Every structure is written in structure tokens, then in C-alpha cells.
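Residue numbers (my numbering): 289 to 757.
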């Protein structure tokens with residue numbers, strides 16, 4: 289009797305393609321030219337970051353695309369700069385198997401004035417490449433800095449390059465062509481202090497900015513990753529409601545896929561852009577368009593900016609229950625963690641608060657057919673000082689569990705750091721990381737946050753995302 293061969297399910301490559309993404313091994317796996325060093329004072333993540341000194345310099349690495357199957361790549365990194373910085377260009381370049389350049393997947397110009405400001409804000413950038421050409425064997429990720437003033441620097445940390453399911457579906461997403469493709473009421477095109485490139489949309493009062501994005505060629509029931517950047521240059525309180533609405537072929541509203549509230553004091557005291565990442569619910573049957581809208585409400589005239597809007601298909605909605613703590617700490621296990629109602633939340637009206645004595649917060653998330661699959665973890669944290677200066681460390685982990693709830697291996701470990709001083713306002717830091725592939729037998733993931741005790745700071749946590757790209 290002929291034995292039937294068992295079919296093996298092949299899972300495409302899903303993990304972060306960048307080796308040594310937090311520079312914990314120094315410059316290992318990276319190439320560089322010019323004057324660079326390791327920054328160890330207060331890195332964004334882990335214990336080290338790369339510092340590009342005042343002279344012109346570059347750092348790059350080539351990552352293999354084997355198993356990526358022609359998918360676009362999600363790019364993310366965090367930048368921190370001195371008050372007097374310099375222009376930075378970030379590129380993803382497609383290479384053939386002989387390491388010859390055959391195309392550009394993404395080119396990001398980040399002006400010096402984007403990175404400088406009164407409060408030295410650390411900015412997490414998000415971008416999505418085009419699809420690699422059929423003969424692309426490698427992707428070169430390259431950071432190139434212009435010469436700056438004496439003692440100036442730029443620090444790079446927490447780099448992600450991971451496959452996603454679609455290109456960015458938003459047209460003119462960086463407002464390089466003004467408001468082309470956008471519908472705007474009380475928003476204008478502006479070319480001063482954009483996050484990336486040369487333009488952004490600027491609101492001067494209560495306004496509405498929207499675009500209908502075509503999703504009729506995407507699989508039914510898909511979820512989407514939404515990212516955007518906001519900034520406020522005036523000391524005004526502005527509330528922003530960001531929505532994704534599912535529309536039928538005739539642009540009639542079917543249902544809502546996302547409502548994201550940026551409360552009125554969230555951007556106050558921050559001189560630089562703050563980036564956001566969220567995930568929609570699955571699009572319903574009959575959805576052909578997704579309407580992305582930004583609605584602002586504030587007192588008087590204000591200078592409000594929207595930039596870098598990304599919308600890309602992913603495999604799951606946000607798997608975290610009660611991700612922004614709007615329903616107290618329901619669905620979470622915790623010790624010494626509470627919730628706080630605040631107008632300066634990252635999203636919504638509530639945050640999870642961890643005291644200086646330390647605390648933990650965790651949620652077990654059931655997974656379906658998880659073996660070999662990777663997940664995106666994202667969250668926002670903010671430190672509040674209890675003395676002249678405050679510093680806190682948050683340990684973020686993903687642990688794989690079997691069907692009995694026993695731990696069977698780690699999926700991710702990230703050390704997140706924040707500080708707050710008298711001179712600087714406390715602002716949100718945005719973290720994103722990709723897990724390793726889940727092992728065989730993984731039936732759930734435990735997302736765990738542990739704050740070590742701090743002598744002089746409390747910590748706020750908000751908007752936890754755990755989703756499969």
C-alpha cells in the first residue's frame with residue numbers, strides 16, 4: 289500500500305531581516321564610513337545606539353531577501369539628534385545576487401530641522417517600500433548623514449525591516465504634491481518642517497482631511513496597518529479624531545474600521561512630530577474603499593501638521609483586548625498597575641500607570657496556527673519625573689505558550705528607556721519590534737511589561753498593538 293506523504297505547510301520569511309538591529313553587538317553585521325561611535329548614555333532601546341558624529345558619515349548593511357516572496361518591507365527606526373543636527377538620507381536599495389544596484393525601494397530625506405528642537409524629541413519613523421524586483425536578492429539599508437556643526441550628532445536605534453502584505457495604498461502619502469489626491473477643509477499644503485521629504489498638510493483651525501483608498505483588489509476580510517505623524521507648533525489644545533471607514537463601490541459608508549482619538553493635550557510640549565501606529569478591524573464584505581480621515585477640533589487658530597500617512601494590508605487585526613485601557617484593566621493581569629484618566633494620553637482618555645516602586649502588566653493572547661509566524665509588537669510609553677530628573681526602564685517581552693499555558697520559549701525581549709527633566713517636557717516614546725517565529729506547539733502569546741523600580745519616576749503605557757504582518 290502506498291503511504292500518503294504528509295504535506296508540509298511552508299511559511300514565508302516573516303522576522304526582522306536586520307541582524308543586530310539595536311547595536312547591542314556594536315557594529316557587528318554593519319558597514320560604515322566616516323566618524324561613528326556607540327552611544328551609551330540613555331539609548332532609546334537596549335544599552336547602545338549608533339552615534340553619527342558631526343562629520344559626514346554613512347552606515348549600511350545588505351540583507352538577504354530569500355523567502356520574502358516579493359513582498360514589500362516595513363521599515364522603522366528611531367532617531368535622536370543634538371540641537372544642531374544635519375540632513376539625513378535613508379534608503380532601501382534593491383541589489384541583485386552580484387550586489388549590483390537594480391532599483392530603489394524607498395528614499396527618505398529627513399531635514400536637520402526635523403530632528404532638532406527645544407526638547408530633543410526621539411522620533412520613531414515608519415515607512416513601507418515598493419515590491420522588490422523579481423531579480424532582487426538583497427536589500428541595502430543605508431543611512432547617510434551630511435556634515436554638521438561641530439559637536440553635532442544623530443543617533444540611530446531599533447531598526448526594523450520586515451515583510452508586509454501590500455505596498456502603501458495611500459496616494460501622495462507624504463504631501464510632496466501638496467494636497468493632490470486629498471480632500472481638505474481648513475487644511476492647506478505646507479512645506480516648512482515636514483517629517484520626511486518636502487511637504488505636509490497644515491491645519492489652521494477646526495478642519496477635516498481625508499482620502500478614499502482603493503482596497504477592491506485586496507483579499508476579503510483584510511485588516512490594515514495605519515501609521516501617520518502629527519505635530520503642533522502652537523501652545524494650543526487640539527483634539528484629533530482619526531477614522532478609517534469602509535465604503536462600498538459607490539462610496540457609501542458600510543461600517544467603521546478604526547476610530548483613534550488623539551486627546552487635546554497629547555502633543556503639547558513636544559516640538560517634534562509624534563508618530564502613530566494602529567491596526568483596523570477586518571474590512572467587511574462589499575468594502576471597495578477605505579476612507580482615512582483626520583478631524584481636528586481646537587480653540588482659536590493653531591498650527592497643526594499631518595504627514596507620512598501609511599496604509600498597508602496585514603494578516604490580522606490587533607489581537608490585544610482593551611489595548612488603550614479605555615475599559616480599566618479588564619483583560620489584563622497586573623500587579624501595582626492602575627489606570628489614569630488624562631488629556632495627554634497617547635490615544636483615548638486613559639493610560640496604564642506604573643509607580644516608581646515597580647509593577648507588571650500582561651495579557652495572554654490566543655493564537656491560531658502560530659508556528660513559524662511572526663508578530664509586530666508596538667506600544668507607547670512616557671516617563672513622569674518625581675524629582676528634578678526622572679528615568680525609568682520598561683522590560684517588554686513576548687513569551688510563547690503551549691495549549692496548557694506553559695511557557696515554551698521567548699519571542700521578543702526589548703529594554704525600553706525614558707527620561708524626564710525640569711528642562712524638558714515629558715513626551716511619548718513609540719516602540720515597535722518584530723518577534724522571532726513562533727515555535728511548534730505555540731497556542732498563545734503572553735505580552736508582558738515589567739517596570740523596574742525607579743527612585744524618581746513613574747511610567748505611563750498606552751496603545752499596545754500585537755498583530756501579524
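For each residue, glycine too, the CB sits at the ideal point set by N, CA and C. Note that the coordinates shown come from a computational prediction; the quantities given were computed from them, not determined experimentally.
If I measure Cβ to Cβ from residue i and keep anything under 6 angstroms in the same chain, skipping five residues before and after, which residues do I get?
i           : result
residue 393 : 380, 382, 417 and 418
residue 636 : 549, 612 and 614
residue 412 : 366, 563 and 718
residue 319 : 348
residue 571 : 510 and 534
residue 292 : Here the model assigns residue 292 a pLDDT of 47, short of 50, so the residue's position is not dependable, and the following value carries that caveat. Nothing listed; no residue qualifies.
residue 590 : 522, 524 and 526
residue 395 : 379
Buried or exposed for residue i, going by 16 or more other Cβ atoms inside 10 Å?
i           : result
residue 551 : buried
residue 750 : buried
residue 691 : exposed
residue 422 : exposed
residue 476 : exposed
residue 262 : In the structure as shown, the chain starts at 289 and stops at 757, and residue 262 therefore has no counterpart that could be examined.
residue 730 : buried
residue 386 : exposed
residue 465 : exposed
residue 673 : buried
residue 420 : buried
residue 627 : buried
residue 443 : buried
residue 371 : exposed
residue 620 : buried
residue 364 : buried
Check whether the Cβ atoms of residue i and residue j lie closer than 8 angstroms to each other.
i           : j           : result
residue 374 : residue 440 : yes
residue 679 : residue 745 : yes
residue 481 : residue 596 : no
residue 468 : residue 512 : no
residue 366 : residue 446 : yes
residue 735 : residue 602 : no
residue 671 : residue 646 : no
residue 581 : residue 497 : yes
residue 542 : residue 431 : no
residue 587 : residue 525 : yes
residue 579 : residue 533 : yes
residue 733 : residue 686 : yes
residue 493 : residue 474 : yes
Hey, is residue i close to the ligand COA, as in C-beta under 7 angstroms from one of its heavy atoms?
i           : result
residue 706 : With respect to the ligand COA, the structure shown offers nothing to examine, as it has no ligands at all.
Does DSSP put residue i in a helix, a strand or coil?
i           : result
residue 403 : helix
residue 461 : coil
residue 629 : strand
residue 583 : strand
residue 688 : strand
residue 468 : coil
residue 598 : strand
residue 454 : coil
residue 418 : coil
residue 338 : strand
residue 386 : coil
residue 410 : coil
residue 604 : coil
residue 499 : strand
residue 740 : coil
residue 536 : coil
residue 698 : strand
residue 716 : coil
residue 301 : coil
When the Cα of residue i is compared with those of the options, which residue comes out closest?
i           : options               : result
residue 489 : 391, 470, 356 and 687 : 470
residue 449 : 649, 301 and 641      : 301
residue 360 : 600, 634, 755 and 444 : 600
residue 556 : 572, 585, 519 and 533 : 519
residue 391 : 429, 357 and 363      : 429
residue 559 : 527, 401, 583 and 644 : 401
residue 630 : 553, 621 and 682      : 553
residue 324 : 336, 332 and 330      : 336
residue 737 : 655, 624, 528 and 579 : 624
residue 500 : 523, 479 and 459      : 459
residue 353 : 715, 331 and 306      : 306
residue 355 : 424, 656 and 667      : 424
Excluding five sequence neighbours on each side, which residues of the same chain lie with their C-beta closer than 7 angstroms to the C-beta of residue i?
i           : result
residue 727 : 659, 688, 696 and 697
residue 722 : 303, 304, 448, 450, 662 and 664
residue 725 : 302, 303, 660, 661 and 662
Kindly indicate if chain B contains any beta-carbon less than 8 angstroms away from that of residue i.
i           : result
residue 508 : The chain labelled as chain B is not found in the depicted structure, where only one protein chain is given.
Which residues in the same chain have their Cβ closer than 8 angstroms to the Cβ of residue i, if we skip the five residues on either side of it in sequence?
i           : result
residue 566 : 513, 514, 515, 530, 546, 548, 606, 635, 751 and 753
residue 435 : 342, 343, 344 and 374
residue 455 : 360, 416, 417, 418, 419 and 600
residue 617 : 610, 625, 626, 627, 640 and 649
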